[in-house]
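*Asks:*
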Amino acid sequence: MESENSYILQLSTELLIKIFSYLNVPDLSRLRQTCKRFNVVITCWDHVLIKNIFPVVTNQANATFLSRCHEQLSTFEKIRISRNWEVGRYREKSLLYVRRRYIPWLHLTRNSIWISRGNHIYCYGRTRKHVNISRPISTLRGRSNADVGHFQLKNNSVISGQRDGSIWLKDLRSGKVIFDQEECHESDINSIDISENGKIIVSGSRDSSFKVWNVDRDSYTDILKKTYTQVFYDRVLRVSLSKEQPLLAVGTSGNDYIKTLFIYNLESLTNPTEFSTSHYGSGILDLKWDGPQTIWSCGYDTYLRLWDLRTGKPEQNFVDPHAAVLYCLDYDYYNTVMVGSQYHGRVILWDIRHPHPVQLYFTNSCRGDSNKSSPTYSLSFDSECLFTATDRNLNVYNFSVYDGEMQDYSCYLK
1 MESENSYILQ
11 LSTELLIKIF
21 SYLNVPDLSR
31 LRQTCKRFNV
41 VITCWDHVLI
51 KNIFPVVTNQ
61 ANATFLSRCH
71 EQLSTFEKIR
81 ISRNWEVGRY
91 REKSLLYVRR
101 RYIPWLHLTR
111 NSIWISRGNH
121 IYCYGRTRKH
131 VNISRPISTL
141 RGRSNADVGH
151 FQLKNNSVIS
161 GQRDGSIWLK
171 DLRSGKVIFD
181 QEECHESDIN
191 SIDISENGKI
201 IVSGSRDSSF
211 KVWNVDRDSY
221 TDILKKTYTQ
231 VFYDRVLRVS
241 LSKEQPLLAV
251 GTSGNDYIKT
261 LFIYNLESLT
271 NPTEFSTSHY
281 GSGILDLKWD
291 GPQTIWSCGY
301 DTYLRLWDLR
311 TGKPEQNFVD
321 PHAAVLYCLD
331 YDYYNTVMVG
341 SQYHGRVILW
351 DIRHPHPVQL
361 YFTNSCRGDS
371 NKSSPTYSLS
381 FDSECLFTAT
391 DRNLNVYNFS
401 VYDGEMQDYS
411 CYLK
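If you read the sequence shown in UniProt numbering, its first letter stands for residue 1, the second for the next number, and so on.
1. Go ahead and label methionine 406 buried or exposed: buried means 16 or more other beta carbons lie within 10 angstroms of its beta carbon, across all protein chains shown.
2. When the Cα atoms are used, what is the spatial distance from arginine 101 to lysine 372?
3. So, helix, strand or coil for threonine 34, using DSSP?
4. Does the distance from the CB of cysteine 69 to the CB of aspartate 351 come in under 8 Å?
5. The alpha helix (DSSP H) spanning serine 82 covers which residue range?
6. Per DSSP, what are the beta-bridge partners of asparagine 317 in this structure?
7. Cα separation between aspartate 256 and glycine 283?
8. Does the segment 94 to 109 come within contact of the segment 150 to 159, defined as at least 3 CB pairs closer than 8 Å?
9. Excluding the 5 residues flanking tyrosine 397 on each side, which residues of the same chain have their C-beta closer than 7 Å to its C-beta?
10. What number of angstroms, rounded off, separates the C-alpha of leucine 326 from the C-alpha of serine 82?
11. Would you check if the distance between the CB atom of valine 57 and the CB atom of threonine 336 is smaller than 8 Å?
12. As a quick exercise: from Val250, Val41 and Gly340, pick the residue whose alpha carbon is nearest that of aspartate 320.
13. Would you identify the three-state DSSP class for glutamate 183, choosing helix, strand or coil?
14. Alpha carbon to alpha carbon, how far is methionine 1 from serine 21?
15. For lysine 259, report the span of its beta strand (DSSP E) as first-last.
16. Taking 8 Å as the cut-off, does the segment 27 to 45 touch the segment 298 to 309 (at least 3 CB pairs, one atom from each stretch)?
17. If you draw a straight line from the C-alpha of isoleucine 348 to the C-alpha of glutamate 183, how long is it?
18. I need the straight-line Cα distance from serine 67 to tyrosine 7, nearest angstrom please.
19. By DSSP, does serine 380 sit in helix, in strand, or in coil?
20. Among Cys44, Leu95, Gln181 and Leu16, whose alpha-carbon lies nearest the alpha-carbon of lysine 226?
21. Could you compute how far the alpha carbon of tyrosine 331 sits from the alpha carbon of threonine 34?
22. In terms of residue numbering, what span does the beta strand (DSSP E) encompassing valine 231 cover?
23. Between which residues of its own chain and lysine 259 is the CB-CB distance below 6 Å, once the five residues before and five after are set aside?
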């Protein structure tokens with residue numbers, strides 16, 4: 001028997017791969033625990049041995065999503081952690097508690113997490129499983145004392161729109177404030193975005209308008225120049241610039257006009273493509289582009305929708321199982337969408353290949369009496385962790401654990 005085992009171990013790696021290719025995932029997982037040689041071969045060649053596996057959250061198939069993940073997971077780890085997401089096995093921490101209620105926004109990178117509170121934007125360092133909250137890496141603010149309405153981080157620049165209508169831009173490399181301009185809008189700035197080259201800024205406001213600005217960093221007196229203003233019937237709740245094409249998406253509140261999504265070509269800014277839902281009041285609270293021709297939206301009508309610019313209608317519709325307002329969304333650019341909802345800090349996990357939600361996650365700090373309940377105002381995720389911002393906390397869900405408590409609500413979602 002010992003000689004037979006020795007003979008198998010002496011086979012070439014190529015022959016072992018061929019033999020192992022006939023095994024399923026559970027058998028491979030058990031086999032690699034039998035000896036060091038098998039473990040090395042199966043672990044190194046798991047991407048060849050395990051095929052046609054497309055897990056939720058952990059697929060890491062897109063470079064943009066992979067850039068915010070700490071490491072590229074092995075195929076076995078992808079399967080294990082994806083299963084944790086599906087059954088609700090995680091360990092949760094609620095951080096940065098404050099007594100005052102805010103409407104925060106957050107942005108996730110590989111090594112940091114940015115969160116706005118009041119008139120400040122804080123940056124905290126993070127590792128694979130830990131957020132260092134002892135001291136922020138950076139704290140940013142403008143001249144205004146008004147709260148941050150929305151901010152974006154692109155190409156080492158932070159752009160922020162304030163509740164009093166002011167806008168400021170800071171270069172993180174040099175630490176220099178490029179501009180800090182007041183009275184850009186007559187009321188709250190609900191959303192702001194900046195192009196990849198940093199030369200175009202778009203802002204949407206409660207004053208029912210969005211504005212397009214050019215940034216001239218070489219100018220000493222007139223750095224921010226307004227080039228276009230469009231006034232709507234409704235409040236502008238979200239603006240988003242496409243990376244692939246010179247397109248701008250604008251989402252409105254939909255109170256006085258049934259059409260809530262408008263797509264503008266930045267080269268002409270005329271004759272926008274208009275999209276409408278079934279009823280008034282179905283305003284859009286968040287937008288995220290998925291390639292040059294499709295865009296995700298969520299909002300007051302309780303639907304997550306994938307709009308196709310070529311057909312002029314939503315090609316996929318996912319309704320919240322509790323008919324709650326959907327405040328924010330994030331996407332892995334492959335098959336997974338996370339949506340933050342109105343009550344109890346709830347997050348819904350969707351696999352866009354299926355009509356029903358995969359799982360629900362409730363924030364512990366929002367459980368109990370109604371005074372603790374909060375919308376999930378902003379969220380982001382990588383393959384192993386989910387980050388959500390509620391009115392008083394930054395919440396971190398770690399799904400890479402082996403022994404976390406399981407909170408499975410999938411049986412109520414079919």
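Every residue, glycine too, gets a C-beta built ideally from N, C-alpha and C.
*Replies:* Taking the coordinates as given:
1. Taking the first residue of the sequence shown as position 1, residue 406 is located at position 406. Per the 10 Å Cβ criterion, exposed.
2. Numbered from 1 along the sequence shown, position 101 holds the residue referred to as residue 101. Numbered from 1 along the sequence shown, position 372 holds the residue referred to as residue 372. Answer to the nearest angstrom: the Cα atoms are 11 Å apart.
3. As a working note, residue 34 is residue 34 in the sequence shown. Coil at threonine 34, not helix or strand.
4. In the sequence shown, counting from the first residue as 1, residue 69 sits at position 69. In the sequence shown, counting from the first residue as 1, residue 351 sits at position 351. In this structure, aspartate 351 does not lie closer than 8 Å to cysteine 69 by Cβ.
5. Position 82 of the sequence shown, counted from the first residue, corresponds to residue 82. Taken as a continuous stretch (DSSP letters only), the alpha helix (DSSP H) holding serine 82 covers 75 to 87.
6. Translated into the one-based positions of the sequence shown, residue 317 becomes position 317. Arg305, per the DSSP bridge assignment.
7. Counted from its first residue, the sequence shown places residue 256 at position 256. Counted from its first residue, the sequence shown places residue 283 at position 283. In a straight line, the C-alpha of aspartate 256 is about 10 Å away from that of glycine 283.
8. yes
9. Working through the sequence shown from its first residue, we reach residue 397 at position 397. Result list for tyrosine 397: Tyr90, Glu92, Tyr361, Cys385 and Leu386, in chain order.
10. The residue you call residue 326 lines up with position 326 of the sequence shown. The residue you call residue 82 lines up with position 82 of the sequence shown. When rounded, the distance between both Cα atoms is 24 Å.
11. Locating residue 57 in the sequence shown gives position 57, counting from the first residue. Locating residue 336 in the sequence shown gives position 336, counting from the first residue. Against a cut-off of 8 Å, the Cβ pair of threonine 336 and valine 57 comes out as a contact.
12. In the sequence shown, the residue the question calls residue 320 occupies position 320. The residue with the shortest Cα to Cα distance from aspartate 320 is Gly340.
13. The residue labelled residue 183 in the question sits at position 183 within the sequence shown. Reduced to three states, the DSSP call for glutamate 183 is coil.
14. For this step, residue 1 is matched to residue 1 along the sequence shown. For this step, residue 21 is matched to residue 21 along the sequence shown. Bear in mind that the predicted position of methionine 1 carries a pLDDT of just 43, short of 50, making it too unreliable to give a figure here.
15. For the purposes of this step, residue 259 is taken as the residue at position 259 of the sequence shown. Start and end: 259 to 265.
16. no
17. Here residue 348 corresponds to residue number 348 of the sequence shown, with the count starting at 1. Here residue 183 corresponds to residue number 183 of the sequence shown, with the count starting at 1. Cα-Cα distance, rounded: 37 Å.
18. Here residue 67 corresponds to residue number 67 of the sequence shown, with the count starting at 1. Here residue 7 corresponds to residue number 7 of the sequence shown, with the count starting at 1. Serine 67 and tyrosine 7: Cα-Cα distance of roughly 43 Å.
19. Taking the first residue of the sequence shown as position 1, residue 380 is located at position 380. Three-state result, serine 380: strand.
20. What you label residue 226 is simply residue 226 of the sequence shown in a count that begins at 1. Cα-wise, what sits closest to lysine 226 is Gln181.
21. As a first step, residue 331 must be located in the sequence shown, where it is residue number 331. As a first step, residue 34 must be located in the sequence shown, where it is residue number 34. Their Cα atoms are separated by approximately 38 Å.
22. Numbered from 1 along the sequence shown, position 231 holds the residue referred to as residue 231. Valine 231 -> beta strand (DSSP E) spans 224 to 231.
23. For the purposes of this step, residue 259 is taken as residue 259 along the sequence shown, with counting starting at 1. Answer for lysine 259: Glu274 and Ser276, listed in chain order.
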